[in-house]
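Chains A and B supply the protein sequences, listed in that same order.
Take any residue in the first sequence, count from 1 to its spot, add 38: that is its number in the numbering used here.
Take any residue in the second sequence, count from 1 to its spot, add 255: that is its number in the numbering used here.
We put the beta carbon where it would ideally sit given N, CA and C, even for glycine.
Note sheet for the following structure.
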Amino acid sequence: MDDSTKRILQRLIRRIPSQMLQTILGKWAHLSREDLHSLDFTQPKWVFTEHLLAHCEENGLTVKHITELEMIYIIENPNQGMWHGFQLLDAEEDAPSIELTQFKEQFKANLTELISHVSIKIKKHTDEAIWIRIAWGDNFTKPNHLKPTYVVHHLQTPYVFVTGLTSKHKPLLNQALVLATRYGSMKDAHLSGRNLTAIRDLLMRQYQQVFPTKHPKPLQEKNPVPRNPNIEKEQAENTENRLQMACEAFGDGTLPQLQKAVYKLETKFRDNSNKTLTGREEPFRGVVEFASTNLLESLRHCVSSGMASTPVTPLLSSITQKGRNYFVITDKGV
Amino acid sequence: MEGARKGVLGHLNMLEMEASNLKQQDLRQSSCEEELNATLQALLRKRDQLQVEIKANTSLQKMRSLLDRTGVPCERNEDVDDQEDGSDNSQLLLMMAKHTQLKDLLHAHHLIGGYDVLQTRKGKGVCVSLATAYEGVYLETYNLEIDLGSNLRICRHNIPPFIPLERLVTQGNMQTDIRDFLDTLSQYLNAYAGRKQQLHLTKEIHSSVQVAESNALCTILVLMFTVPGEKAGATLCTLQYADHTQCLPTRVNIQSEDTALASSPQWKKNQALLLETPLHTALVTMKKTGSIA
């Protein structure tokens, strides 16, 4: 094994938390059982890495196998790094009937045509998602395995999720994906976050949405406060209404975990009491950013507790309805 | 003398008091009378109102039964006094009859597992709930919120992204014939739910059959069977559902290590069986005939 491969393995082992090492190496299945047993997982990592390197060299493992290990780790823990959502547009006639092998061949062929030195690995996960790992090189260098791009796509849906993509390689990936999935073009869905499951659930609407029904069930409280029969809630109906509106706008149950919502303002300044800024022709540029560990949960709580006025303003409900968290607001609307 | 005066004065007092009592009684009686009069008037008014309502309801029912029977609102030679009420009254009654008819139709549709429509936002929008069911079991319900403007527009929905909703909206006739649009959408959704349920039942009941490949829309399925006997080997069966509005496959392909297997008459029958019956029942039959373990 040459130096660069050793370095890749060292970096990878450093990245994987110690508790997961054993399971992930088990799933990798390139080490024999005796080898796996002989590894001592309680050693400090640098010692462990040396032993692992020795085993890998014994078994003649190459870069290809190490990248497989990395892919297994990332598939198990996708909620790291920054994921961006993209949407494919203008489906062609046969887009709904694309199947896996066809997609794989087309994608590999397209991308290698566009850029010759590239290493592609495609894997289908049990939940129907296709994971693609791409290490980019160019005409003179070998593919750089230290900065790979991961792409997740569900067949027959127009959504693609990408992490680790530089702007240099973006048009290449776009073209390869668009051709392989038989769509017309790909655009930015303006949705990004740390948590892949969250942005996937939001775009593919896999969270629990609430719609008006004929027989509305009372939305259950998570921790019901013990009721005192002598206390009657006067605002009970208002609270119910607010809770219903909050859930209709954002969803019920566990919400996808978004971290940020960014509103870029390009509207004219309107407050008449400020003489210096009013009356200017150019728009007043500003950026409003909401940040939280679980943004949708906090917004839903704001609405249901009355802090935000109801009906929910479309600026906030567009986050879930349009599946975006980056908006540009002009005088004509969002 | 004083005793006599007291007596007379006392008597006079008593008479005065009696007189004032009587006056009060009179007053009370007259106020009682007024109250009773007032209640009488109120009850009379209520009775008149109820009588008018009864009359309206009976004519509504008459019109409704006419509508149900013939689809024509009024009969040619019916009561002239109904027409006397004025043409706007009969127009109103016609509207009301159609409204109740539509509501009953929607309720019936909802009961048989079709879709249900609910008004939202004070009449500016409707929410359509499409129920899906397979083999008598209710599965998921999908919702669409439609904005009623000059053009119908879907503002919110929870339909999964692999159902071609945008294509149905742009290429279909949602603006002109919403019933047709909803029927087509319901077909797609029910077929998807049916295929998904078949796969789920197969996984649950037939644990000896392995699913090698499937996709989210459940249109491609690759199963691995184990054939009993000495020539036991893996047999791959590929089911393709090219018609997304159906629950049955359009193509069944059987491949086996034993090349003669696919062309044997038993397996030809199995192939036909898989094309015509739902997957989980077909597998039961195949197990009974001993084709698969």
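### Secondary structure of B/Cys382, DSSP reduced to three states
Here B/Cys382 sits in strand by DSSP.
#### Entry: chain A contact residues for B/Arg319, given Cβ-Cβ distances below 8 Å
Neighbours of B/Arg319 on chain A: none; closest Cβ ~22 Å, over 8 Å.
### Query
Quick one: what's got a C-beta closer than 8 Å to A/Thr195's C-beta in the same chain, skipping five residues either side?
Met242
#### Entry: Residue from B/Gln374, B/Glu395, B/Thr396, B/Gly391 with nearest C-alpha to B/Asp402
B/Gln374
### Task
Would you grab the beta carbon distance between A/Ile62 and A/Glu95 for me? Rounded to a whole angstrom, and I think it's under 8 Å.
Rounded, the Cβ-Cβ distance is 20 Å, inconsistent with contact.
### Query
Just how far apart, CA to CA, sit B/Glu421 and B/His412?
12 Å
### Task
Assign A/Trp174 to buried or exposed, taking buried as 16 or more other Cβ atoms, counted over all protein chains shown, within 10 Å of its Cβ.
buried
### Query
Sorted by chain position, which residues of the same chain lie with C-beta nearer than 8 Å to B/His482's C-beta, five sequence neighbours on each side aside?
The question names His, yet the displayed sequence has Val at residue 482 of chain B. Excluding positions up to five away in sequence, the list reads Gly488, Thr490, Ser511, Asp513, Leu516, Ser546, Ile547, Ala548.
### Query
Looking at the structure shown, is A/Asp78 part of a helix, part of a strand, or coil, going by DSSP?
In the three-state reduction of the DSSP assignment, A/Asp78 falls in the coil class.
### Task
With 9 Å as the threshold, decide whether the Cβ of B/His499 is near any Cβ in chain A.
Closer than 9 Å to some Cβ of chain A, the Cβ of B/His499 qualifies, so yes.
### Query
For the stretch 271-327 of chain B, which segments carrying the beta strand (DSSP E) assignment without a break, of at least 3 residues, lie completely within its bounds, in sequence order?
You should have found no qualifying run.
### Query
According to DSSP, is B/Ser511 helix, strand or coil?
Three-state DSSP puts B/Ser511 in a strand.
### Message
I'd like to know if A/Leu354 contacts chain B, where contact means its C-beta is closer than 9 Å to some C-beta of that chain.
### Response
no
### Query
Which residues share a DSSP beta bridge with B/Cys492?
Its beta-bridge partners are B/Leu478, B/Ile509.
### Task
Let me know if B/Val335 comes out buried or exposed under the rule of 16 or more other beta-carbons within 10 Å of its beta-carbon.
Caution applies to B/Val335, whose pLDDT of 43 falls short of 50 and renders its modelled position unreliable; the value that the coordinates give is listed next. Per the 10 Å Cβ criterion, exposed.
### Query
Roughly how many angstroms separate the alpha carbons of B/Val381 and B/Val372, rounded to a whole number?
7 Å
### Query
Looking at the unbroken beta strand (DSSP E) that takes in A/Val189, where does it start and where does it end?
187-192
### Task
Let me know the secondary structure DSSP gives A/Gly231 once reduced to three states.
Secondary structure of A/Gly231 (DSSP, three-state): strand.
### Message
Under 8 Å, with one C-beta from each stretch per pair, do the stretch 267-281 of chain A and the stretch 257-272 of chain B reach the 3-pair mark?
### Response
no
#### Entry: Neighbourhood of A/Phe117 by C-beta distance below 7 Å, restricted to the same chain and skipping five residues each side
The sequence given here places Asn at residue 117 of chain A; Phe does not occur at that position. Cβ neighbours of A/Asn117 within its own chain (closer than 7 Å, five residues either side excluded): Arg232, Asn233, Leu234, Thr235.
### Query
Are the C-beta atoms of B/Ile433 and some chain A residue less than 9 Å apart?
no
### Query
Over what stretch of residues does the alpha helix (DSSP H) that includes A/Phe401 continue unbroken?
Coverage of chain A is limited to positions 39 through 372, which leaves residue 401 of chain A absent and any answer about it impossible.
### Where B/Ile475 meets chain A, residues with beta-carbon distance less than 7 Å
Contacts between B/Ile475 and chain A, judged by CB atoms closer than 7 Å, involve Glu137 in chain order.
### Query
Does A/Pro116 have its Cβ less than 9 Å from a Cβ in chain B?
With its beta carbon at least 9 Å from every one in chain B, A/Pro116 lies outside the interface.
### Query
Among the residues of its own chain, which have a CB less than 8 Å from the CB of B/Ala448, if the five just before and after it don't count?
Thr387, Ala388, Tyr389, Leu394, Glu395
### A/Glu327: first and last residue of the uninterrupted beta strand (DSSP E) it sits in
322-329
### Query
Which residues share a DSSP beta bridge with A/Trp169?
A/Lys161, A/Val190
### Query
Which whole-angstrom value is the C-beta distance of A/Ala167 and A/His192, which I expect to be below 8 Å?
5 Å
### Message
Is the beta carbon of B/Gln430 closer than 9 Å to that of B/Asn406?
### Response
yes
### Task
Could you check if A/Leu211 is buried or exposed, using at least 16 other CB atoms within 10 Å of its CB as the buried criterion?
Label assigned to A/Leu211: buried.
### C-alpha distance - B/Leu357 paired with B/Arg324, whole-angstrom precision
15 Å
### Query
What does DSSP give as the partner residues of B/Ala388 in its beta bridges?
B/Tyr393
#### Entry: Whole beta strand (DSSP E) elements within the stretch 407-446 of chain B, 3-residue minimum
407-412
### Message
Judging by CA-CA distance, which residue of A/Gln244, A/Thr164, A/Ser154 is the nearest neighbour of A/Pro181?
### Response
Taking only the C-alpha atoms, the option nearest A/Pro181 is A/Ser154.
### Message
Classify A/Gly289: buried if its beta carbon has 16 or more other beta carbons within 10 angstroms, exposed otherwise.
### Response
buried
### Message
At the level of alpha carbons, what is the spacing between B/Leu476 and A/Asn148?
### Response
27 Å
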